[in-house]
Amino acid sequence: MSDSAASLRRKIASAGDLESVVRTMKAMAASSISQYESAVRSLDDYDRTVQLCLLACFRQSQPGIAGPRKNENKGKVCAVVFGSDQGLVGQFNDLLVDFVINTLGALPGRKMVWAVGERIRSRLADSQLSAATSFTLPNSIGEITPLVGQVLLEIESQRERGEIGQVYLFHNRPKSGALYEPVSQRLLPFDDAWQRELATRRWPTNNLPEVQQNDEQALLAFIREYLFISLFRTCAESLASENASRLAAMQRAEKNIGELLENLGGDFHRLRQSTIDEELFDVVSGFEAYDR
39 MSDSAASLRR KIASAGDLES VVRTMKAMAA SSISQYESAV RSLDDYDRTV
89 QLCLLACFRQ SQPGIAGPRK NENKGKVCAV VFGSDQGLVG QFNDLLVDFV
139 INTLGALPGR KMVWAVGERI RSRLADSQLS AATSFTLPNS IGEITPLVGQ
189 VLLEIESQRE RGEIGQVYLF HNRPKSGALY EPVSQRLLPF DDAWQRELAT
239 RRWPTNNLPE VQQNDEQALL AFIREYLFIS LFRTCAESLA SENASRLAAM
289 QRAEKNIGEL LENLGGDFHR LRQSTIDEEL FDVVSGFEAY DR
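Mapped onto our numbering, the consecutive letters of the sequence shown carry residue numbers 39 to 330.
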């Protein structure tokens, strides 16, 4: 055998250390998935409340005020793409970039892409799209809110200048198990199908709502909250999907390392047995030679 016992011991020790790192990363990914999924679930009640407030405003205000459309046909189509900052996520970013290219290709007009995450930005740069603006991906739940604020300020600024008309969100959404799927949502102007679905909802009580004082000011406030919730959920779902992909990658790596350790252990035991056999053969040969 080409490997010596010392060399095999070093390889076994290195593989064991790598296995420990993989197990740690797997545990961290599993913990992060739970946190981000809990954050998404915690938004449900607040989202329902905000949408009911929007429903009350829509019913009381003039038709069409629900989604400002003065810039819809002006400016570029802006795609905000949530990817990853770190590696070891398999095809997480590649599948999302393919989905973004296909979806934007079916939309008319000029396109502008904003990347959230360094890895997705580099993937977009390698494709026919390139990120005009990039944002740093949060590393914790507490950092999502500042990111959402930055994105909303940038959207409002560029819509006011007429540089962008429509805004779409792209991200990976968790599925059952460790799976995920790329999805998109039109953030602005509000989707017509969503507005029609909202208008058909029944008010949860027999007391109909009434918006007091400044109807338009209240509506704009609720719209901002709805946009905040949409972006926060998109980011949290993307981070949950990223960690699910990393968990799956770590599970595959752990399996491969286990197989490698098994093979190295087998080689080591065979080498050790061969060495013992050679030593016994030398002892027997020496004894026979002495006996003669």
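From the three backbone atoms N, C-alpha and C, an ideal C-beta is built for every residue, glycine too.
Determine, using beta carbons only, whether residue i and residue j come nearer to each other than 8 Å.
| i | j | result |
| --- | --- | --- |
| N210 | L145 | no |
| K64 | E292 | yes |
| L92 | I267 | no |
| D204 | R224 | Reading off the sequence, residue 204 comes out as Gln, not Asp. A contact, by the Cβ cut-off of 8 Å. |
| S168 | V151 | yes |
| D132 | G155 | no |
| L46 | F270 | no |
| A282 | P176 | no |
| V127 | E280 | yes |
Just grab the DSSP bridge partners of residue i for me.
| i | result |
| --- | --- |
| N210 | P220 |
| A153 | V119, S172 |
| V344 | Residue coverage of the chain in this structure runs from 39 to 330, which leaves residue 344 outside it and unanswerable. |
Do you know whose CA, among the options, lies nearest residue i's CA?
| i | options | result |
| --- | --- | --- |
| T141 | P220, C91, S168 | P220 |
| L299 | A53, S42, S45, S178 | A53 |
| C95 | Q233, D305, E275 | Q233 |
| V115 | R47, Q89, K149 | K149 |
| A117 | V127, A278, I139, I71 | I139 |
| F130 | N294, A286, G296, R308 | A286 |
| R159 | G147, F120, F137 | F120 |
| L236 | V154, S283, D85 | D85 |
| V78 | E275, V88, G147 | E275 |
| A170 | I50, I182, P176, I193 | I193 |
| R241 | R61, A256, Y74, R97 | Contrary to the premise, residue 241 reads as Trp rather than Arg in this sequence. Among R61, A256, Y74, R97, the Cα nearest to that of W241 belongs to R97. |
| E24 | I71, A43, Q89, E198 | Within the shown structure, residues of the chain are numbered from 39 to 330, placing residue 24 beyond reach of any answer. |
| R290 | A43, A44, R61, A51 | R61 |
What are the start and end residues of the alpha helix (DSSP H) that includes residue i?
| i | result |
| --- | --- |
| W232 | 230 to 237 |
| V119 | Segment 114 to 120 is the beta strand (DSSP E) holding V119; no alpha helix (DSSP H) there. |
| V138 | 130 to 143 |
| T388 | Given a span of 39 to 330 for the chain in the structure shown, any question on residue 388 remains unanswerable. |
| S76 | 43 to 98 |
Span of the beta strand (DSSP E) holding residue i?
| i | result |
| --- | --- |
| T174 | Here T174 belongs to no beta strand (DSSP E), and DSSP marks it neither H nor E. |
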